[in-house]
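Residue numbers (the numbering used here): 22 to 166.
Backbone N, C-alpha and C fix where the C-beta goes; we use that ideal spot for every residue, glycine too.
A quick note: this is a predicted structure, and the numbers were derived from the prediction, not measured.
Structure first, commentary second.
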């Protein structure tokens with residue numbers, strides 16, 4: 022009986038770990054207004070157990086590859102957008118990444134966020150000015166190749 026219980030607990034832990042890993046990796050960001058690919062963001066789990074996302078690739082002409090975040094405030098002001106951490110301190114909870122903050126380098130603003138996986142494998146990223154997620158916008162990202 023103990024072996025069955027231990028096997029069941031191990032299976033549950035493996036299932037939860039597998040679900041969390043679905044969020045990690047490289048994702049192509051898609052502009053919600055134009056439908057164009059904008060960048061590649063790597064989502065990773067930090068040593069603190071929270072999730073972060075860093076811009077690895079910008080789909081802009083070569084002369085704009087070193088563009089900086091002029092509208093960002095604080096430590097991000099005038100930092101290169103390529104290499105910038107834009108998803109910060111999100112935790113895995115009830116099948117989604119929640120809490121933390123999302124940085125929009127275009128506006129320099131931070132938003133509340135929630136990230137879920139769609140059945141078709143895309144990430145649904147909802148950024149909002151309110152914690153309830155009512156006032157904001159949604160983007161769908163696809164796994165990068």
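I need the straight-line Cα distance from residue i to residue j, nearest angstrom please.
i: residue 90; j: residue 139; result: 30 angstroms
i: residue 103; j: residue 46; result: 17 angstroms
i: residue 165; j: residue 97; result: 26 angstroms
i: residue 72; j: residue 84; result: 31 angstroms
i: residue 136; j: residue 60; result: 17 angstroms
i: residue 31; j: residue 156; result: With a pLDDT of 42 at residue 31, under the threshold of 50, the predicted position of this residue should be treated as unreliable, and no value is reported.
i: residue 111; j: residue 129; result: 19 angstroms
i: residue 150; j: residue 119; result: 14 angstroms
i: residue 76; j: residue 126; result: 10 angstroms
i: residue 152; j: residue 82; result: 36 angstroms
i: residue 66; j: residue 99; result: 26 angstroms
i: residue 203; j: residue 80; result: Not covered by the structure: residue 203. The range shown for the chain is 22 to 166.
i: residue 55; j: residue 78; result: 18 angstroms
Grouping DSSP H, G and I as helix and E and B as strand, with all else coil, what is residue i?
i: residue 58; result: strand
i: residue 85; result: helix
i: residue 96; result: helix
i: residue 44; result: coil
i: residue 148; result: strand
i: residue 13; result: This structure gives no information on residue 13, because the portion of the chain shown stretches from 22 to 166.
i: residue 78; result: strand
i: residue 139; result: coil
i: residue 68; result: coil
i: residue 165; result: coil
i: residue 122; result: strand
Using a Cβ-Cβ cutoff of less than 8 angstroms, which residues in the same chain neighbour residue i once the five nearest sequence positions on both sides are dropped?
i: residue 123; result: 107, 108, 109, 131, 132, 133, 134, 146 and 148
i: residue 87; result: 101 and 103
i: residue 51; result: 57, 58, 59, 160, 161, 162 and 163
Spatial neighbours of residue i within its chain, please: C-beta separation below 6 angstroms, excluding the five flanking residues on both sides.
i: residue 143; result: 161 and 163
i: residue 74; result: 62, 64, 107 and 108
i: residue 121; result: 109, 110 and 111
i: residue 43; result: 138
Keeping to the same chain, check which residues put their C-beta closer than 7 angstroms to that of residue i; ignore five residues upstream and five downstream.
i: residue 53; result: 158, 159 and 160
i: residue 117; result: 135, 136 and 137
i: residue 92; result: 128 and 129
So residue i and residue j are in contact, right, with Cβ under 8 angstroms, and what is the actual spacing, rounded?
i: residue 58; j: residue 68; result: With a Cβ gap of about 30 angstroms, residue 58 and residue 68 do not count as contacting.
So does residue i have its beta carbon nearer than 7 angstroms to some heavy atom of the ligand NAP?
i: residue 118; result: As far as ligands go, the structure on display features none, and thus does not contain the ligand NAP.
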